[in-house]
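Chemist:
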Ligand SMILES: Cc1cc2nc3c(=O)[nH]c(=O)nc-3n(C[C@H](O)[C@H](O)[C@H](O)COP(=O)(O)O)c2cc1C
């Protein structure tokens, strides 16, 4: 893992080398589209599919250089959205049991293959047929590598974490139980879902419950559909096949989330510079106390209503000081963050795909709960890793950063 951390570090030299002109006309396709002859349910056709819509949907459609510009209900590094989402539906009244692709662009679920005794259960660590929905999050690395090169490996797992967190929020909004399934068979799923070199499964969740009838493996893999209009290959395919280790920790689960919060979510593009109310600051501090192992949360308070500004770890001030400008420099000169109230830095001593995934899930929870309280949040993936480590005085790997504040 040390090798992957080092290869995907941002340093001033790497940032300078990568800051080339990007031809947005050459952006690879952002959405996978299954053939038109397949059966589809529109998101609003069946009430039980609401949870799919709230997990992944388009919430803004604009235009840039005469091309459509989509934003979704979940954030993504550079708005590139390398993630795709699949559902196995079994035993839900009024819905054909089968494996579906969630087609966010067209607002529908596409039935790829019907199921009976066989299904995805054996690939996600379940012996018995699962009544409800099995959710699989995949990643299409080239969509992100196209812009970010090797750094994209981290962004793909962070983005997949946001997608998993978005499923948790959607389940909360629709009042359903959901479990993060640990121990997926990444290679088995890769083959069963008909993926090629362009797409890899990352994480699975279950909404519903396991029954007592045995489930078999799929007799045939699903049809292969390329998720891209073109590709220049994936830089390190083996890195995408590492099965992320993730546990179903309580800290990943959001409180009751409203549908409106999901549909209105945006990343903050500016902060007001005002201090939070004491209640707001206490809320941020207590939310960060819930960060699950193996993640740790550092906070750089820049505008705290009552406590001294400075560096905090696990709620304890370890260094007082005014660090806003210095922190922005380490976040690759993103100076709008100086007006945020706090910068949260997630670190770990167990760097790998599972920790990155967990960081994405946790920050999605922060987006949801802070958003519900009217606070602004932005996930930050661009930072100089080694400089941040040195600043905090830690050997722990930096996983992800988030800015929170009044907007
Ligand atoms: C993994 C990840 C890394 C991100 N890094 C940054 C960043 O360094 N700076 C920034 O301003 N926004 C960052 N963002 C936010 C995205 O730019 C934002 O999600 C995207 O532009 C879409 O906008 P929306 O979140 O409002 O839908 C990041 C988001 C994710 C998920």
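Residue numbers (this note's numbering): 2 to 408. Beta carbons: idealized from backbone N, C-alpha and C, even for Gly.
1. The alpha helix (DSSP H) spanning residue 116 covers which residue range?
2. Check whether the Cβ of residue 398 sits closer than 6 Å to any heavy atom of ligand 1, and report yes or no.
3. Contact between the segment 323-338 and the segment 279-287 is defined here as three or more beta-carbon pairs at a separation below 8 Å; is this criterion met?
4. Along the chain, where does the alpha helix (DSSP H) containing residue 369 start, and where does it finish?
5. Considering only heavy atoms of ligand 1, does any lie closer than 6 Å to the CB of residue 406?
6. Specify the secondary structure class of residue 75 as computed by DSSP and reduced to three states.
7. Residue 121 to residue 196, Cα distance in whole Å?
8. According to DSSP, simplified to helix, strand and coil, what is residue 392?
9. Considering only residues of the same chain and omitting the five flanking positions on each side of residue 157, which have a CB-CB separation below 6 Å?
10. Touching or not, the segment 88-98 and the segment 107-125, by the rule of three or more beta carbon pairs under 8 Å?
11. If you run the structure through DSSP and keep just helix, strand and coil, what is residue 304?
12. Please classify residue 179 as buried or exposed, where buried requires at least 16 other C-beta atoms within 10 Å of its C-beta.
13. For the segment 377-396 and the segment 3-17, state whether three or more C-beta atom pairs, one from each stretch, are separated by less than 8 Å.
14. Any idea if residue 373 is buried or exposed, counting beta-carbon neighbours within 10 angstroms, 16 or more meaning buried?
15. Take residue 309 as the anchor and find which of 379, 321, 103, 290 has the nearest alpha-carbon.
16. When you compare only the Cα positions, how much space is there between residue 70 and residue 376?
17. What is the DSSP secondary structure of residue 152, counted as helix, strand or coil?
18. Give every residue of the same chain whose Cβ lies closer than 8 Å to the Cβ of residue 307, excluding the five residues on either side of it in the sequence, and list them in chain order.
19. Looking only at C-alpha atoms, which of 228, 229, 403, 264 sits nearest to residue 361?
20. Three or more C-beta pairs under 8 Å: does that hold for the segment 74-82 against the segment 194-211?
21. Name the DSSP bridge partner or partners of residue 376?
22. Taking the C-alpha atoms as reference points, what is the distance between residue 61 and residue 265?
23. Flag this pair as touching only if the segment 220-231 and the segment 332-343 have three or more C-beta atom pairs under 8 Å; answer yes or no.
Modeler: Checking against the coordinates, here is how it stands:
1. Element bounds for residue 116: n/a, residue is neither H nor E.
2. no
3. no
4. From DSSP, the alpha helix (DSSP H) with residue 369 extends over 354-373.
5. no
6. Coil.
7. 14 Å
8. helix
9. 83, 140, 142, 145
10. The answer is yes - the segment 107-125 touches the segment 88-98, with three or more Cβ pairs under 8 Å.
11. coil
12. buried
13. yes
14. buried
15. 321
16. Using only the alpha carbons, I get a separation of about 25 Å.
17. helix
18. 279, 282
19. 403
20. Because the criterion of three Cβ pairs below 8 Å is not met, the segment 74-82 and the segment 194-211 do not touch.
21. DSSP, once it has assigned bridges, lists no residue as partnering residue 376.
22. 9 Å
23. no
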